[in-house]
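Here is the structure we will look at, set down as structure tokens.
Numbering (the working numbering), first residue to last: 7 to 464.
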């Protein structure tokens with residue numbers, strides 16, 4: 007049975023039409039031990055496992071006059087070869103060469119006239135490795151579902167069933183809910199078209215006023231000066247990644263009574279603080295407001311880039327995230343309310359207006375994705391890493407995603423090519439920031455063992 011997009015998913019499509027430089031593809035990169043399997047055998051295996059999710063052979067069909075949301079329909083011209091492509095790394099096959107290819111793939115839009123996904127098979131990595139890059143549109147799958155789809159390509163017996171569930175029913179990042187939520191009923195598009203023009207105009211103006219008011223609250227005033235982290239983006243991207251041992255993260259968590267999310271955000275806070283300092287900006291308490299999607303809300307904490315002490319930064323982040331644990335964003339509630347109360351043409355227009363508004367307050371995004379806990383294989387090849395790839399849009403020049411796989415925590419950072427030429431330094435900075443917190447943790451535990459003061463100093 008065909009399904010229609012939600013209003014919010016339709017807004018993702020509009021965002022790509024509104025800004026020619028917006029690319030909303032979400033990705034997951036699996037790195038495997040080699041050699042790469044025979045191409046024909048690999049294509050046959052991928053075909054079989056992709057067929058477990060019918061959405062992969064469907065495209066979006068727009069409605070007449072855009073009176074209702076686009077609808078998923080079977081693509082009668084579906085060709086697996088169009089969506090699965092193969093490329094050999096140039097150069098030495100280093101991680102930097104791999105990240106450059108990933109950045110290129112994430113620099114163009116998916117074809118809206120075809121099923122909204124691609125798989126890239128990447129060969130010639132150094133140390134006898136190869137990679138699978140999965141790229142999907144957020145209309146098809148969110149960050150959590152993207153990882154489950156990638157997992158569904160593995161040899162794990164239940165992975166295919168999990169992939170079907172997660173590609174058909176998107177959940178917010180980190181969600182553990184089962185089953186699909188029923189969309190709220192919306193007025194018939196034909197009845198909407200027949201309503202009095204004055205009433206339609208009144209609804210639209212009322213929705214626009216409310217959205218503009220909420221947008222101003224959401225962005226805490228559009229008069230705030232721009233940061234190097236915020237502003238127009240180009241069509242090209244840079245990608246980089248880091249990894250740290252989960253055992254080290256857990257030791258930091260035990261020592262300072264914080265969460266894995268807190269440690270990840272603290273590491274990202276340090277690298278953004280260093281970036282601002284390199285660019286001659288003085289970080290203050292409101293320099294880095296960050297969009298942090300969670301299982302039940304869109305949180306917008308200010309990350310403490312003004313604090314030089316890494317332990318105090320970690321404690322501040324923990325306190326702020328605890329304080330925001332039970333609050334969601336007003337903008338998210340507004341979108342849901344509009345989708346329930348107004349006809350689709352009105353809410354679609356209003357969301358399109360919101361996408362066009364400039365914003366200078368939210369500087370970046372950090373997404374945490376729960377990855378596979380057990381090591382995976384694809385056609386007998388061990389998956390030695392799973393790296394997340396977030397999108398950037400609405401003047402956010404960089405975004406980070408964090409994913410745990412087996413015994414490692416992986417950070418993936420996507421950035422605008424022109425605005426963030428030092429993107430590789432962000433990844434190395436993440437690893438250094440975690441190492442500093444780990445060293446502080448060991449010092450603290452050493453003092454505790456010797457019965458010394460428990461006060462953490464700078």
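For glycine and all other residues, C-beta sits at the position ideal for the given N, C-alpha and C.
For residue 79, the closest C-alpha among the options 446, 409, 119 and 448 is that of 119.
Counting every other CB atom within 10 Å of its CB across the protein chains shown gives residue 83 a total below 16, marking it as exposed.
Looking at the DSSP output, residue 49 sits in no beta bridge, so it has no partner there.
CA-CA distance, residue 129 to residue 389, rounds to 14 Å. Given a length threshold of 3 residues, each whole run of the beta strand (DSSP E) inside the region 55–110 is given here in chain order: 64–67, 77–80 and 90–94. At the C-beta level, residue 409 and residue 297 stay beyond 9 Å of one another. By alpha-carbon distance to residue 257, the top candidate from 270, 448, 161 and 107 is 448. In the structure shown, residue 249 adopts extended strand secondary structure according to DSSP, grouped into three states. Taking all protein chains shown into account, residue 60 has fewer than 16 neighbouring C-beta atoms within 10 Å of its C-beta and is therefore exposed. Here residue 329 carries a helix assignment [DSSP, helix/strand/coil].
In the structure shown, the three-state DSSP call for residue 371 is strand.
Assigned with DSSP and collapsed to three states, residue 296 falls in strand. Distances from the alpha-carbon of residue 245 to those of 394, 93 and 140 put 394 closest. The DSSP-derived three-state label of residue 386 is coil.
Per DSSP, the continuous beta strand (DSSP E) segment holding residue 124 begins and ends at 123–131.
Per DSSP, the unbroken alpha helix (DSSP H) holding residue 277 starts and ends at 266–284.
The shortest CA-to-CA distance from residue 415 to any of 400, 422, 267 and 299 is the one to 267.
Residue 141 is classed as buried because its beta carbon has at least 16 other beta carbons within 10 Å across all chains shown. Closest in C-alpha terms to residue 400, from the list 65, 237 and 122, comes 237. Residue 306 and residue 139 have their alpha carbons spaced roughly 30 Å apart.
Secondary-structure assignment with DSSP links residue 395 through a beta bridge to 33. Between residue 10 and residue 85, the gap from beta carbon to beta carbon reaches 9 Å or more. Here the C-alpha atom of residue 63 lies approximately 48 Å from the C-alpha atom of residue 316. Taking 9 Å as the cut-off, the beta carbon of residue 12 is found no closer than this to the beta carbon of residue 114.
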